[in-house]
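Chemist: Residue numbers (the UniProt record's numbering), protein chains in the order written: chain X, 1 to 212; chain C, 1 to 212.
Don't be surprised by glycine CBs; every beta carbon is placed ideally from N, CA and C.
First, the structure itself, so that you have it in front of you.
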DNA sequence: TTTTTTATGGGGGTTTTCCCCAATATTTAT
DNA sequence: ATAAATATTGGGGAAAACCCCCATAAAAAA
């Protein structure tokens, strides 16, 4: 009997997964959470064989959750189940300690397969995720760590303010720095994300689900 | 026995919903689709009592699907099941013909409730969606007809170029008109959509699924 | 047919954004 | 510990965006 923990912020999705897992596999769902913080606490305590985690969750996101579980409770195998196809996510998750990566548009049988495989100590990646990892392995020229493609802390902070429609002047006031400095950060952000104006920047944010 | 159709692009979510609905309610799932186009074809043919639809789907999005089903097959009640909380979505969907709106972080029981209620010809809205509609009803100052809130043809055209990141100068060249004219149009667009700069404009477009 | 709206542009200004360059910090690597 | 690389902070100047005002012709609506 495989013990499974579920972390996903959408209740309906979670309940659906529960009945899916119950009906097909010989596994026992030992707990659930709708946010990362509760999930972390539960997983460390319950030490399930497999934890299925989503990326977007309140309080603590999936990436952070995977990192923490991987260090605090390495015996629990982590299966990322998400709708995010972005390369960045796959790589980041694997680096954080995930043993599996599955898209939500996979078949239900694949989820069962993945859970069984992870319980055996092996790793399981969807066709797509495996491809991403392979391509990354064959040309590891880039440091694909975060979805923000190498933005610094300050740049990320300003990035979020910009894509929310806040002007340079107001950002400068908020951060107690010169407007000129904010402008320069903006320039670097455009540069790093390979866009050439604010419209494209917000478009980029939208495509990467970074809009508020 | 209630006949239900499922349209959601995430296979695992869909399979989860199937086992959820099967286990709790006396309903029969007569079909499924991962994209809007197949869903429309199936629904018109099968005429289920209730169709559960997601908003983000390939080929044809949920909004368009709801519109078409509502005209081509009004006997099928439409239940929007989504993770989008934005007011715009709720209102647009209701105008398009949805009889229910549920967030994916609702409880599974609520989904069952909603399906039953819709099958009886009544409507069912989650707490949140009901609130949005009520606030809209209490101050109906706005003409919520289209996501473009009264933009003229030319303004819509320029709007799309702007949110794609094209500058005023280039737009002018593309349309063989003066840059000054484009600027004036941009001003009117900002005015009508009640935003104050390009960033907010693109954000608005993203929220209304108008990005390319 | 008259009136309203739309599309077109200009004048003239302020503000914001974007693109150079440069001086300190701070971190990273050797 | 020292050198190298990067992060953060700025200025100057040019371009783009934004905001008023205005006017004329064409199209749509009353």
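If we count the other Cβ atoms within 10 Å of its Cβ and call it buried at 16 or more, is residue 176(C) buried or exposed?
Modeler: To locate residue 176(C), count along the second chain from 1; it is residue 176. By the neighbour-count rule (16 or more Cβ atoms within 10 Å), residue 176(C) is not buried but exposed.
Chemist: For residue 26(C) and chain X, any beta-carbon pair shorter than 8 Å?
Modeler: Residue mapping note: residue 26(C) aligns to position 26 of the second chain, counting from 1. Not an interface residue.
Chemist: For the 8 Å Cβ check, are there 3 or more pairs between the stretch 53-60 of chain X and the stretch 31-44 of chain X?
Modeler: yes
Chemist: Give me, in chain order, the residues of the same chain whose beta-carbon lies closer than 8 Å to that of residue 48(C); leave out the 5 immediate sequence neighbours on both sides.
Modeler: For the purposes of this step, residue 48(C) is identified with residue 48 of the second chain, where counting begins at 1. Take residue 48(C), set aside five residues on each side of it, and the residues of its chain with a beta-carbon closer than 8 Å to its own are 3, 4, 5, 30, 31, 76, in chain order.
Chemist: Which residue comes first and which comes last in the beta strand (DSSP E) that contains residue 5(C)?
Modeler: Counted from its first residue, the second chain places residue 5(C) at position 5. Start and end: 2-7.
Chemist: Tell me whether residue 71(X) is buried or exposed, calling it buried when 16 or more other Cβ atoms sit within 10 Å of its Cβ.
Modeler: Position 71 of the first chain, counted from the start, is the residue given in the question as residue 71(X). It counts as exposed.
Chemist: Using a 10 Å radius around the Cβ and a threshold of 16 neighbouring Cβ atoms, would you call residue 204(X) buried or exposed?
Modeler: As a first step, residue 204(X) must be located in the first chain, where it is residue number 204. By the C-beta density criterion, residue 204(X) is buried, having at least 16 other C-beta atoms within 10 angstroms.
Chemist: Does the Cβ-Cβ distance between residue 103(X) and residue 82(X) come in under 8 Å?
Modeler: Within the first chain, numbered from 1, the residue matching residue 103(X) stands at position 103. Within the first chain, numbered from 1, the residue matching residue 82(X) stands at position 82. Yes.
Chemist: Could one say the Cβ of residue 106(X) lies closer than 8 Å to chain C's Cβ atoms, at least one of them?
Modeler: The residue given as residue 106(X) occupies position 106 in the first chain. Between residue 106(X) and chain C, the shortest Cβ-Cβ separation is below 8 Å.
Chemist: Report all residues from its chain with a CB closer than 6 Å to the CB of residue 34(X); omit the five preceding and five following residues, and keep chain order.
Modeler: Within the first chain, the letter at position 34 stands for residue 34(X). Only 9 meet the Cβ criterion.
Chemist: Hey, quick one: how far does the alpha helix (DSSP H) through residue 204(C) stretch, first residue to last?
Modeler: In the second chain, counting from the first residue as 1, residue 204(C) sits at position 204. Boundaries of the alpha helix (DSSP H) harbouring residue 204(C): 198-207, taken from the DSSP string.
Chemist: Hey, does residue 163(C) have any beta-carbon neighbour from chain X nearer than 8 Å?
Modeler: By one-based count along the second chain, residue 163(C) stands at place 163. Answer yes: the Cβ-Cβ gap between residue 163(C) and chain X drops below 8 Å somewhere.
Chemist: When the Cα atoms are used, what is the spatial distance from residue 172(C) to residue 159(C)?
Modeler: For the purposes of this step, residue 172(C) is taken as residue 172 along the second chain, with counting starting at 1. For the purposes of this step, residue 159(C) is taken as residue 159 along the second chain, with counting starting at 1. Roughly 13 Å separates the two Cα atoms.
Chemist: Please list, in chain order, the chain C residues whose beta carbon lies closer than 7 Å to that of residue 16(X).
Modeler: Counting from one through the first chain, the residue named residue 16(X) turns up at place 16. Within chain C, the residues near residue 16(X) are 13, 16, 17, 19, 20.
Chemist: Determine the DSSP secondary structure at residue 214(X), reduced to helix, strand or coil.
Modeler: Absent from the model: residue 214(X). The displayed extent of chain X is 1 to 212, so no value can be given.
Chemist: Can you tell me whether DSSP reads residue 150(X) as helix, strand or coil?
Modeler: Along the first chain, read from residue 1 onward, the residue named residue 150(X) stands at position 150. Residue 150(X): coil per DSSP, three-state reduction.
Chemist: From which residue to which residue does the alpha helix (DSSP H) around residue 75(X) run?
Modeler: For the purposes of this step, residue 75(X) is taken as the residue at position 75 of the first chain. That residue, residue 75(X), is in no alpha helix (DSSP H); it is neither H nor E in DSSP.
Chemist: What are the start and end residues of the beta strand (DSSP E) that includes residue 101(C)?
Modeler: Within the second chain, residue 101(C) is the residue found at index 101, counting from 1. It spans 100-103 - the beta strand (DSSP E) in which residue 101(C) sits, taken as one unbroken run.
Chemist: To the nearest angstrom, how far is it from the Cα of residue 188(X) to the Cα of residue 15(C)?
Modeler: Working through the first chain from its first residue, we reach residue 188(X) at position 188. Working through the second chain from its first residue, we reach residue 15(C) at position 15. Looking at the two C-alpha atoms, the distance is approximately 44 Å.
Chemist: For a contact meaning CB atoms closer than 7 Å, what does residue 211(C) contact in chain X?
Modeler: On the second chain, residue 211(C) is found 211 positions in, with the first residue counted as 1. The answer, in chain order, is 203, 206.
Chemist: Please report how far the alpha carbon of residue 194(C) lies from the alpha carbon of residue 151(C), in whole angstroms.
Modeler: For the purposes of this step, residue 194(C) is taken as residue 194 along the second chain, with counting starting at 1. For the purposes of this step, residue 151(C) is taken as residue 151 along the second chain, with counting starting at 1. Rounded to the nearest angstrom, the two C-alpha atoms are 12 Å apart.
Chemist: If residue 100(X) and residue 124(X) are in contact, beta carbons under 8 Å, what's the gap, nearest whole angstrom?
Modeler: The residue given as residue 100(X) occupies position 100 in the first chain. The residue given as residue 124(X) occupies position 124 in the first chain. Contact holds; Cβ gap of about 4 Å.
Chemist: Give me whichever residues DSSP pairs with residue 28(X) in a beta bridge.
Modeler: For the purposes of this step, residue 28(X) is taken as residue 28 along the first chain, with counting starting at 1. In the DSSP output, where bridge partners are listed per residue, residue 28(X) has 3(X).
Chemist: Between residue 160(C) and chain X, is the shortest Cβ-Cβ distance under 8 Å, so that the two count as touching?
Modeler: To locate residue 160(C), count along the second chain from 1; it is residue 160. Not one chain X Cβ lies under 8 Å of residue 160(C).
Chemist: From residue 69(X) to residue 196(X), what distance separates their C-alpha atoms?
Modeler: Here the question's residue 69(X) lines up with position 69 in the first chain. Here the question's residue 196(X) lines up with position 196 in the first chain. Rounded to the nearest angstrom, the two C-alpha atoms are 39 Å apart.
Chemist: Among the residues of its own chain, which have a CB less than 8 Å from the CB of residue 115(X), if the five just before and after it don't count?
Modeler: Here residue 115(X) is taken as the residue at index 115 of the first chain, counted from 1. Here the set comprises 2, 4, 21, 25, 27, 50, 52, 79.
Chemist: When the Cα of residue 165(C) is compared with those of 207(X), 199(X), 130(X), 119(X), which residue comes out closest?
Modeler: The residue you call residue 165(C) lines up with position 165 of the second chain. The residue with the shortest Cα to Cα distance from residue 165(C) is 199(X).
Chemist: Counting only Cβ pairs nearer than 7 Å, list the residues of chain C close to residue 254(X).
Modeler: A query on residue 254(X) cannot be resolved here, the shown segment of chain X reaching from 1 to 212 and no further.
Chemist: Does the beta carbon of residue 81(X) come closer than 8 Å to any beta carbon on chain C?
Modeler: Looking up residue 81(X) in the first chain gives position 81. Yes, residue 81(X) lies at the interface with chain C (some Cβ there is under 8 Å from its Cβ).
Chemist: Is the Cβ-Cβ distance between residue 106(X) and residue 11(C) less than 8 Å?
Modeler: Looking up residue 106(X) in the first chain gives position 106. Looking up residue 11(C) in the second chain gives position 11. Result yes, Cβ atoms of residue 106(X) and residue 11(C) sit closer than 8 Å.
Chemist: Residue 10(X) versus chain C: which residues are under 7 Å apart at the beta carbon?
Modeler: As a first step, residue 10(X) is located in the first chain; it is residue number 10 there, counting from the start. The contacting residues are 83, 104, 105.
Chemist: Check each candidate in 44(C), 121(C), 128(C), 192(C) and name the one with the smallest Cα separation from residue 156(C).
Modeler: Mapped onto the second chain, residue 156(C) falls at position 156. Among 44(C), 121(C), 128(C), 192(C), the Cα nearest to that of residue 156(C) belongs to 192(C).
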